[in-house]
Amino acid sequence: MGVKWFGRNDSPAHAVLADAPAPTTHTISAPLAAALVFVASGAVLVLEILAVRLLAPYVGLTLETTTSIIGAALAGMAVGAAAGGWLADRTDERKLLAGLLIAAGLCTLLIVPIVRMLGPGARDGGDLAALVITLITLVPLAALLSAVTPTVARLRLHDLGSTGSIVGRLSAWATAGALVGTFGTGFVLVPLVPVSPSVIGIGVLLALLGAALAVWKAGFGAQTPVLVVVSALLLGVLTATVDSPCDRETDYHCVRVEQDAAVATGRTLMLDDVLHSYVDLDDPTHLEYSYTHWIADGINSSNVAGAPVDAVFVGGGGFTLPRWLLATRPGSTARVLEVDGDLVEVVRERLGLKDEPGLSIAVGDARTTLRGQPDDSAGVIVGDAFGTYAVPWHLATTEWAQEVQRVLRPGGVYALNVIDYPPLELLRSESATLLQVFDHVRLVTFPDAQQSPAGGNAVLFASDRPLPAFARSLEDGAVVLEGQELERFVGDAVALRDDFAPADQKLTIPFA
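Numbering (our numbering), first residue to last: 135 to 646.
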């Protein structure tokens with residue numbers, strides 16, 4: 135018997151191809167096809183990243199929130215790719231393509247109003263609320279934009295012999311658009327443009343692109359672009375006029391500063407949906423919250439009264455504690471490691487932060503900026519950095535604690551602010567983490583009826599030498615655990631490490 139080669143007229147492959155649907159009689163040029171899939175795929179990624187920033191002021195920025203957004207976008211992309219291919223085989227591809235882009239543009243312009251209307255009611259809904267809002271806003275939009283690529287592919291398939299090349303090139307252009315959208319948003323768009331104008335711009339671009347295709351390629355009348363433009367303008371105005379919860383949007387936070395109704399000079403700093411700092415503009419020695427008193431007591435009890443202290447503060451917030459230190463211990467140095475440079479500017483403008491002797495600020499991630507601190511250079515390090523309610527995971531591990539230990543002088547103290555509620559898994563694990571690195575660890579927090587940690591703010595103190603008693607009594611009723619009591623509290627909790635640090639998952643916030 136002779137061998138039948140695939141691809142010959144009498145081959146099985148030819149028989150299959152002969153039965154396949156005929157290629158479309160409609161077409162668009164290769165450059166236009168590449169541009170359309172590039173823009174559509176890029177827009178999905180841009181809006182996915184911006185959605186994180188839109189939701190954060192209401193439900194916080196947690197791993198679960200980010201996961202919900204990514205998952206919703208992927209679900210929409212899957213639905214859109216399948217539905218777009220099915221529709222392209224059964225309708226006029228040119229009209230479908232124009233309709234997809236117009237609908238995507240108008241849906242984009244609805245994102246900000248929907249989030250701003252639903253967001254305030256979702257503040258106490260936590261991860262579920264974030265998921266619901268994300269599904270409403272992102273799934274339909276991602277589906278519309280992801281349907282563009284199979285529709286364009288259908289328009290480009292002139293003959294079956296070039297199917298692989300055409301689909302491959304379109305896939306490459308779609309991936310390129312996604313890459314440009316991702317990097318452009320993170321490195322250019324977010325640092326330079328507020329979220330709402332960015333969303334408006336994308337929505338208008340998509341709607342106008344669809345309107346142009348409707349007239350140019352799909353044969354719609356001149357009234358179509360007029361209707362689209364009017365609709366886009368109306369939705370754009372609606373988006374622009376819906377009040378933002380932010381006084382200022384930084385690269386990392388939605389920032390608000392609120393005045394204390396009872397104290398004319400009192401100001402509260404809110405980052406996203408979390409209260410972060412209280413500042414009295416006229417009195418830098420004023421400490422409003424119990425945890426700040428505990429940290430101050432730890433600093434005072436570990437150092438000679440009134441003597442200067444060299445301190446590093448991980449997380450600036452409203453700069454309450456750095457200013458307290460410089461005011462109460464003249465000659466001290468306060469090195470503040472703050473990831474959000476724009477937040478520092480807000481604190482200067484709205485919370486009265488001034489340049490003064492001893493104060494220095496390093497803008498950047500603390501995991502990298504702390505490496506610039508010399509060995510044995512600080513008497514105190516204060517950890518008060520948060521991603522929503524959780525300590526950022528990479529600032530909660532044994533490897534991080536070892537870096538803190540390197541910078542501390544012998545006898546120096548590390549004070550770490552932790553927020554957690556029963557069953558207190560995060561607080562137990564963080565206590566276990568510090569116990570692995572430091573010889574002496576103390577926990578200060580509010581007690582329940584059994585004098586066990588009740589949850590809320592807790593401060594862990596760690597040192598290579600025994601920790602002295604507090605300089606002042608714990609007038610607010612705090613409980614202190616150390617030694618065997620702390621070990622019993624920790625129980626079988628596992629220390630966090632760079633390879634496994636699920637800080638967000640261990641955190642319990644009953645009201646979020």
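Glycine included, each C-beta is placed from N, C-alpha and C at the ideal position.
Here the structure is a predicted model, which means the values were calculated and not measured.
- In or out: Met251 buried (at least 16 other Cβ within 10 Å) or exposed? exposed
- Query: Where are the alpha helix (DSSP H) runs, 4 residues long or more, that stay fully inside the region 551-597, in chain order?
  - Reply: 559-571
- Query: Which residue's Cα is closest to the Cα of Leu180: Pro191, Val314, Leu240 and Ser378?
  - Reply: Strictly speaking, residue 180 in this sequence is Val, with Leu absent from that position. Closest by alpha carbon: Val314.
- Item | Cβ-based burial, Trp220 [other Cβ within 10 Å; buried from 16] | exposed
- Task: State the Cα-Cα distance for the pair Leu188 and His528, rounded to the nearest angstrom.
- Result: 24 Å
- Query: With 16 other CB atoms within 10 Å as the buried threshold, where does Glu392 fall?
  - Reply: exposed
- Task: Can you have a look at Pro600 and say buried or exposed, based on whether 16 or more other CB atoms are within 10 angstroms of its CB?
- Result: Exposed.
- 6 Å CB neighbourhood of Ala627 in its chain, flanking five on each side removed: Arg562, Ser563 and Ala566
- Query: Which class does Phe520 belong to by DSSP, given the choice of helix, strand or coil?
  - Reply: coil
- Whose C-beta lies closer than 7 Å to the C-beta of Gly451 among residues of the same chain, with five residues either side of it excluded? Leu403, His410, Ser411 and Asp518
- Message: Taking the alpha carbon of Asp573 as the reference point, which residue from Gly617, Ala287 and Thr309 has its own alpha carbon closest?
- Response: Gly617
- Message: Could you compute how far the alpha carbon of Ala500 sits from the alpha carbon of Gly239?
- Response: 39 Å
- Message: My output table needs one value for Val213: the three-state DSSP class, helix, strand or coil.
- Response: Of the three classes helix, strand and coil, the one that applies to Val213 here is helix, per DSSP.
- Same chain only: Cβ atoms within 6 Å of Thr384, ignoring 5 sequence neighbours per side: Asp474, Asp476 and Leu477
- Under the rule that 16 or more other beta-carbon atoms within 10 Å means buried, what is Val481, buried or exposed? buried
- Item | Best match in Ser597, Val171, Phe604 and Arg505 for proximity to Ala310 [C-alpha to C-alpha] | Val171
- Return yes when the C-beta of Ser435 is under 8 Å from any heavy atom of the ligand NAD, and no when it is not. Absent from the structure shown: the ligand NAD. Ligands present: none.
- Task: Check whether the Cβ atoms of Leu560 and Leu615 lie closer than 9 Å to each other.
- Result: no
- Identify the residues that DSSP records as bridge partners of Leu275: which are they? Its beta-bridge partners do not exist; DSSP assigns none.
- Query: Is DSSP giving Pro155 helix, strand or coil here?
  - Reply: Because the pLDDT of Pro155 is 47, which lies under 50, any placement of that residue in the model is unreliable, and the number read from its coordinates should be weighed accordingly. Coil, per DSSP.
- Message: Does the region 265-275 come into contact with the region 205-219, if we say contact requires no fewer than three beta-carbon pairs (one atom in each stretch) closer than 8 Å?
- Response: yes
- Task: Determine which residues share a DSSP beta bridge with Glu383 and list them.
- Result: Cys388
- Task: Just mark Pro418 as buried or exposed, buried being the case when its beta carbon has 16 or more other beta carbons within 10 Å.
- Result: buried
- Message: Report the CB separation of Leu460 from Leu485 in whole angstroms; it is logged as a contact under 8 Å.
- Response: Not quite, the Cβ-Cβ distance comes to about 15 Å (not below 8 Å), so this is no contact.
- Message: Is the beta carbon of Val448 closer than 9 Å to that of Ile553?
- Response: no
- For Phe634, is the classification buried or exposed, using 16 other Cβ atoms within 10 angstroms of its Cβ as the cut-off for buried? The residue is exposed, with fewer than 16 neighbouring Cβ atoms inside 10 Å.
- Query: From Asp509, Gln584, Ile236 and Pro508, pick the residue whose C-alpha is nearest to that of Ala346; which is it?
  - Reply: Ile236
- Leaving out five residues on either side along the sequence, give the residues of the same chain with a beta carbon under 7 Å from the beta carbon of Leu340. Leaving aside the five residues that flank Leu340 on each side, the residues in its chain whose CB is nearer than 7 Å to its CB run, in chain order, Ala177, Leu235, Ala238, Gly239 and Thr242.
- Task: Out of Gly440, Arg228, Asp406 and Ala535, point me to the one whose CA is closest to Ser597's CA.
- Result: Ala535
- Per DSSP, cross-strand counterpart(s) of Ala445: Ala468 and Val514
- Message: Can you list, in chain order, the residues of its chain with a C-beta nearer than 6 Å to that of Asp416? Leave out the 5 residues immediately preceding and following it.
- Response: Excluding five sequence positions before and after Asp416, the CB atoms of its chain that fall closer than 6 Å to its own CB belong to Thr399, given in chain order.
- Task: Just the C-alpha distance for Leu504 and Pro464, rounded to the nearest angstrom, thanks.
- Result: Distance between the alpha carbons of Leu504 and Pro464: 24 Å.
- What are the start and end residues of each continuous alpha helix (DSSP H) run of 4 or more residues lying completely inside the region 282-348, in chain order? Fully contained in the region 282-348 are the following alpha helix (DSSP H) runs of length 4 or more, in chain order: 282-290 and 297-318.
- Message: Using 8 Å for Cβ pairs, my map puts Ala366 next to Gly337. What's the rounded Cβ distance?
- Response: 7 Å
- Item | Closest Cα partner of Ala232 within the set Val613, Leu289, Ala190 and Ile183 | Leu289
- Item | Range covered by the beta strand (DSSP E) that runs through Tyr412 | Val408 to Asp414
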